[in-house]
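Structure first, then comments.
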Amino acid sequence: MAIDGFISSAVIDQLSNVLASLSPEDRKKEVSRVKAVYAFEVSNAQGKKHYFVVDLKQGGKVTDAATEEEAAKGQPKPDISIAVNDETLLKIADGKTTAAGEFMSGKVKIKGNMMLGMKLEPLLKRFKKLGEGIPAAAPAPAPAPASTGSSSSNASPAQNIVVKGYQGSLVIDQILKAFSADDVKREAALKKTNAIFQIDLAGPDGTKSWVLNLKPGASAADVVLPGTAAQNKKAAGVTLILKDADFVDLASGKLTGQGAFMGGKLKSKGNIMLALKLESVLKATKGPGARL
Numbered sequence: 528m529a530i531d532g533f534i535s536s537a538v539i540d541q542l543s544n545v546l547a548s549l550s551p552e553d554r555k556k557e558v559s560r561v562k563a564v565y566a567f568e569v570s571n572a573q574g575k576k577h578y579f580v581v582d583l584k585q586g587g588k589v590t591d592a593a594t595e596e597e598a599a600k601g602q603p604k605p606d607i608s609i610a611v612n613d614e615t616l617l618k619i620a621d622g623k624t625t626a627a628g629e630f631m632s633g634k635v636k637i638k639g640n641m642m643l644g645m646k647l648e649p650l651l652k653r654f655k656k657l658g659e660g661i662p663a664a665a666p667a668p669a670p671a672p673a674s675t676g677s678s679s680s681n682a683s684p685a686q687n688i689v690v691k692g693y694q695g696s697l698v699i700d701q702i703l704k705a706f707s708a709d710d711v712k713r714e715a716a717l718k719k720t721n722a723i724f725q726i727d728l729a730g731p732d733g734t735k736s737w738v739l740n741l742k743p744g745a746s747a748a749d750v751v752l753p754g755t756a757a758q759n760k761k762a763a764g765v766t767l768i769l770k771d772a773d774f775v776d777l778a779s780g781k782l783t784g785q786g787a788f789m790g791g792k793l794k795s796k797g798n799i800m801l802a803l804k805l806e807s808v809l810k811a812t813k814g815p816g817a818r819l
């Protein structure tokens, strides 16, 4: 459900994924806990709008569409309608601001049951916590590219990290070196990140993939792996898809994750909120000789 140009759609996507992952009994419990239907009108920086309806009253499902009417199809009547800009909704979900404060400043407009609006932060916080324990499904194995006789192809996890013609592979190699320098600092950094990323970079020879296994307990040899998550028998929390040059710009700070996502340069599968953690990893391992 991640929508191009709407960074906060990741918040709704996570909520939807949590509901879909629950057993019928657990989903019923969550619905009975909230007993409300939330409708969101989200406006992005380009002035476009997208609509989401979150049913936490009856069926426990999420719908979205480019129009309010389409998003509401098959859903109960909303108990509250919230009009909010894209960035503000993300900040509320991250705990960087409150719905009450943004309502007072005019950045959030509410129709319906005002008290439900005040419950928005704890609601999003709860589903965020529930979502942290749900890994995204591992993507299907990519077909092996035709052999070129070059040892730089990363079709097999046994091959090298650096791939000729892919500057982004040098960034990934730098991440490996930084995480390999000190066992104690590596484990501390892994506990802080606690995620598995698949990086898909489009370059001169098609798409190449790497896995950043930044989960506690990963050894220096297991932190960075060439190939897809499926090839390495890992379950990526998020797969990030972008051009090789854009990944280099992201690593250098010329491009932000938010800017890349909103500009359509970054696409994702899974929990895009984890992408925010990747920016911290790139910043911490930036430059030759970088150490955690």
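At the far end of the sequence shown sits residue 819, using my numbering, and the numbering has no gaps.
Think of the CB as a built atom: it goes at the ideal place given N, C-alpha and C, for glycine as much as any other residue.
Separation of residue j from residue i, as counted between CA atoms
i: Leu-542; j: Val-558; result: 12 Å
i: Lys-634; j: Tyr-565; result: 17 Å
i: Leu-643; j: Gly-574; result: 26 Å
i: Ala-715; j: Ser-746; result: 12 Å
i: Lys-792; j: Gly-628; result: 32 Å
i: Thr-675; j: Phe-567; result: In this prediction, Thr-675 scores a pLDDT of 37, lower than 50, which makes its location untrustworthy; the coordinate-derived value is nonetheless stated afterwards. Those two C-alpha atoms are separated by around 51 Å.
i: Gly-522; j: Asn-640; result: Nothing can be reported for residue 522, as the shown portion of the chain is limited to 528 through 819.
i: Ser-696; j: Thr-624; result: 37 Å
i: Lys-555; j: Lys-719; result: 33 Å
i: Lys-742; j: Asp-582; result: 33 Å
i: Lys-576; j: Ala-787; result: 19 Å
Residue i beta carbon near the ligand SAM (any heavy atom closer than 7 Å)
i: Val-775; result: The model depicted lacks the ligand SAM and carries no ligand whatsoever.
Residue environment, residue i, which counts as buried when at least 16 other CB atoms sit within 10 Å
i: Gly-821; result: An answer regarding residue 821 cannot be provided, because it is not within the stretch 528 to 819 covered by the chain.
i: Lys-804; result: buried
i: Gly-797; result: buried
i: Val-711; result: exposed
i: Met-800; result: buried
i: Gly-754; result: buried
Candidates the options: closest to residue i by CA position
i: Val-589; options: Lys-770, Ser-536, Arg-713 and Ala-757; result: Ser-536
i: Ser-570; options: Val-690, Met-789 and Lys-810; result: Met-789
i: Tyr-578; options: Ala-708, Phe-774 and Glu-597; result: Glu-597
i: Arg-713; options: Phe-774, Val-698, Ala-748 and Asp-773; result: Ala-748
i: Leu-650; options: Met-631, Lys-636 and Ile-619; result: Ile-619
Any beta strand (DSSP E) of 3 or more consecutive residues that is wholly inside the stretch 719 to 789
722 to 730, 733 to 741, 751 to 753 and 765 to 770
In chain order, each alpha helix (DSSP H) run of at least 4 residues that lies wholly inside the stretch 598 to 649
613 to 621, 626 to 632 and 641 to 645
State whether the stretch 581 to 595 contacts the stretch 611 to 620, with contact taken as three or more CB pairs (one from each stretch) at a distance under 8 Å.
They do not touch, by the three-pair rule.
Could you tell me whether the stretch 596 to 604 touches the stretch 548 to 563, where touching means 3 or more Cβ pairs closer than 8 Å?
no
Is it the case that the stretch 779 to 786 contacts the stretch 746 to 764, given that we only count it when at least three CB pairs across the two stretches are under 8 Å?
no
Is the stretch 646 to 655 close to the stretch 537 to 554, with three or more CB pairs under 8 Å?
yes
Can you list, in chain order, the stretches of the beta strand (DSSP E) that have 3 or more residues and sit fully within the stretch 539 to 592?
Here the runs fully enclosed are 563 to 570, 576 to 583 and 589 to 592.
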